[in-house]
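In what follows, a structure is listed as structure tokens, so that the remarks can point back to it.
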Amino acid sequence: MKTQKVWFITGASRGFGLEITRAALAEGDRVVATVRNEPAQLAHALHNHLDLCVVQMDVTQENQVQEAVKQGIARFGRIDVLVNNAGFGMVSAIEEATDAEVRKQYDTNVFGLLNVTRAVLPYLRQQKSGHIINISSLFGYDAIGGWGLYGSTKFAVEGLSKGLAIELAPLGIYVTAVAPGLFSTDFLSAESYIAAQTIIDDYQETVALMRSGASALHGHQPGDPKKFASVMIQLANTERPPVHLPVGQDTIAMYRNNAAKMAREIEAWLPVATSTDHDHSVTASTVA
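In terms of my numbering, the sequence shown is residues 2 to 289.
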């Protein structure tokens, strides 16, 4: 008999968060779904499901996060699967972005993820079980002009996930960084990404296409978000989940191309890269 799980899903009002919430409820699980505003609207859209608890929460506000987690625990008694899904993108050359714009990107995609993870982990440690799923991106595997800042937040998510997986393994808690490619969610809509206010003409060749092309691509992405949600259900029910899971043929291609490119660069510079050790004639006393 299947054991009913309790999910805690951030950014559940639309996109991946909404689809994962629907899929988990259909699976017979319970869900704490967090939204930044209008929680009643999401509850109504999901027919006020008895196994659903919608909580208003902004991941960048640590007090709200702590309170939301407490509400989820009070309602369902535990959390088995945390999905750190909340985030947004920014199209910009790195030089173009202001300090405030960069901080807003990191506050949500990185520091917000950490806020939620810190709030949930005491309960997972007490249970000696749980699974943290961090939504990364194909842009967390390689850089594309115009998406470098956004991608850097996803590189951070990949690194944090890897570190967490090592630290939490002895406690029976798993961590997976899931890197989706382009899916037909509303990520490329005006509500889910912003463009830097400053535009520098010198970046026309590398960034301008991304500014104009993102909206044009919206609605034509290859990935099916419902199928992505099914993958998430499968992942949450896997006995030994992976630390990294690229999802989508475009993500697989991005990973493979970057790995091959890095391998070529390292081999080309190997004599230089390996030339920095002390000479064998240098003694330990000399080094000291």
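Ideal Cβ positions, reconstructed from N, Cα and C, are used throughout, including at glycine.
What span of residues does the alpha helix (DSSP H) with Leu115 cover, start to end?
Numbered from 1 along the sequence shown, position 114 holds the residue referred to as residue 115. Element bounds for Leu115: Leu114 to Gln128.
Nearest residue (CA-CA) to Gln198, options Leu183, Tyr256 and Ala94
The residue labelled residue 198 in the question sits at position 197 within the sequence shown. For Gln198, the nearest C-alpha among the options comes from Ala94.
Sort Ile253, Asp108 and Gly131 by Cα distance to Leu165 and report the nearest one.
Counting from 1 along the sequence shown, the entry for residue 165 is found at position 164. The candidate whose alpha carbon is nearest that of Leu165 is Gly131.
If you reduce the DSSP assignment to three classes, tell me which class Leu189 lands in.
Along the sequence shown, one-based indexing puts residue 189 at 188. Confidence in Leu189 is poor, its pLDDT being 49 and thus under 50, which makes the residue's placement unreliable; the coordinate value appears in the next sentence. Correct three-state label for Leu189: coil.
Tell me the DSSP bridge mates of Gln222?
Against the sequence shown, residue 222 aligns to sequence position 221. The partner list for Gln222 (beta bridge, DSSP) is empty, contrary to what the question assumes.
DSSP bridge partner residues for Pro181 (one or two, in chain order)
Working through the sequence shown from its first residue, we reach residue 181 at position 180. Val248.
Around the Cβ of Val273, are there at least 16 other Cβ atoms within 10 angstroms (buried) or fewer (exposed)?
In the sequence shown, residue 273 corresponds to position 272, counting from 1. Per the 10 Å Cβ criterion, exposed.
Three-state class that DSSP yields for Gln5 in the structure shown
Residue numbering aside, residue 5 sits at position 4 when the sequence shown is read from its first letter. Gln5 falls in the coil class under three-state DSSP.
Roughly how many angstroms lie between the CA atoms of Leu172 and Asp203, to the nearest whole one?
Numbered from 1 along the sequence shown, position 171 holds the residue referred to as residue 172. Numbered from 1 along the sequence shown, position 202 holds the residue referred to as residue 203. Answer to the nearest angstrom: the Cα atoms are 51 Å apart.
Rounded to a whole number of angstroms, what is the C-alpha to C-alpha distance between Gly182 and Leu161?
For the purposes of this step, residue 182 is taken as the residue at position 181 of the sequence shown. For the purposes of this step, residue 161 is taken as the residue at position 160 of the sequence shown. In a straight line, the C-alpha of Gly182 is about 20 Å away from that of Leu161.
Residues in the same chain with beta-carbon distance under 7 Å from Tyr151, minus the five sequence neighbours each way, listed in chain order, please.
Sequence index remark: in the sequence shown, residue 151 carries index 150 (1-based). Correct list, in chain order: Gly90, Met91, Gln106 and Phe140.
Where Ala98 falls, given that 16 or more other Cβ within 10 Å makes a residue buried
On the sequence shown, position 97 is the one that residue 98 refers to. Answer is buried; the Cβ neighbour count reaches 16.
Let me know the secondary structure DSSP gives Tyr107 once reduced to three states.
Within the sequence shown, the letter at position 106 stands for residue 107. Helix at Tyr107.
Express the C-alpha separation of Glu168 and Ala87 in angstroms, rounding to a whole number.
In the sequence shown, residue 87 corresponds to position 86, counting from 1. In the sequence shown, residue 168 corresponds to position 167, counting from 1. Those two C-alpha atoms are separated by around 23 Å.
Quick check on the DSSP output: the beta strand (DSSP E) that includes Met136 runs from which residue to which?
Here residue 136 refers to the residue found at position 135 of the sequence shown. Correcting the residue identity first, residue 136 is Ile in this sequence and not Met. From DSSP, the beta strand (DSSP E) with Ile136 extends over Gly131 to Ile136.
Taking one C-beta from the region 115 to 128 and one from the region 41 to 51 each time, how about it: are there three or more such pairs within less than 8 Å?
no
Relative to the alpha-carbon of His245, which residue among Ala170, Val66, Lys163 and Asp143 has its alpha-carbon at the smallest distance?
Here residue 245 corresponds to residue number 244 of the sequence shown, with the count starting at 1. Answer by Cα proximity: Lys163.
Counting only the same chain and skipping the five closest in sequence on each side, list residues whose C-beta sits under 8 Å from that of Gln127.
Here residue 127 is taken as the residue at index 126 of the sequence shown, counted from 1. Around Gln127: no qualifying Cβ.
Once DSSP output is grouped into helix, strand and coil, what is the label at Gln57?
Position 56 of the sequence shown, counting from 1, holds the residue named residue 57. The answer is strand: DSSP assigns Gln57 an E or B state.
Once you ignore the five residues that flank Thr22 on each side, which residues in its own chain have a CB closer than 6 Å to its CB?
Locating residue 22 in the sequence shown gives position 21, where the first residue counts as 1. For Thr22, where only same-chain residues beyond five positions count, the Cβ hits under 6 Å are Ile10, Ala13, Val32 and Ala34.
If I measure Cβ to Cβ from Pro226 and keep anything under 8 Å in the same chain, skipping five residues before and after, which residues do I get?
Locating residue 226 in the sequence shown gives position 225, counting from the first residue. Around Pro226: Gly16, Phe17, Glu20, Phe184, Ser185 and Thr186.
Close Cβ partners of Ser138 (< 6 Å) along its chain, the five nearest in sequence each way excluded
Residue mapping note: residue 138 aligns to position 137 of the sequence shown, counting from 1. Counting only Cβ-Cβ distances below 6 Å, and skipping sequence neighbours, we find Lys155 and Ala180.
Could you spell out the range, first to last residue, of the alpha helix (DSSP H) harbouring Thr22?
By 1-based counting over the sequence shown, the position of residue 22 is 21. Per DSSP, Thr22 belongs to the alpha helix (DSSP H) from Gly16 to Ala27.
Neighbourhood of Met233 by C-beta, 6 Å cutoff - its chain only, sequence neighbours within 5 removed:
Within the sequence shown, residue 233 is the residue found at index 232, counting from 1. Contacts found: Ile21.
is_contact[Ala178, chain D] using C-beta, thresh 7 Å
In summary, chain D is missing from the structure at hand, where a single protein chain is found.
What does a CB cutoff of less than 6 Å around Asp143 pick up in its chain, not counting 5 residues either side in sequence?
For the purposes of this step, residue 143 is taken as the residue at position 142 of the sequence shown. Contacts found: Met255 and Asn259.
Can you check which of these residues, Glu39, Val36, Ile133 and Ala237, is closest to Ala170 by C-alpha distance?
Walking along the sequence shown from the start, residue 170 turns up at place 169. Ranking Glu39, Val36, Ile133 and Ala237 by Cα distance to Ala170 puts Ile133 first.
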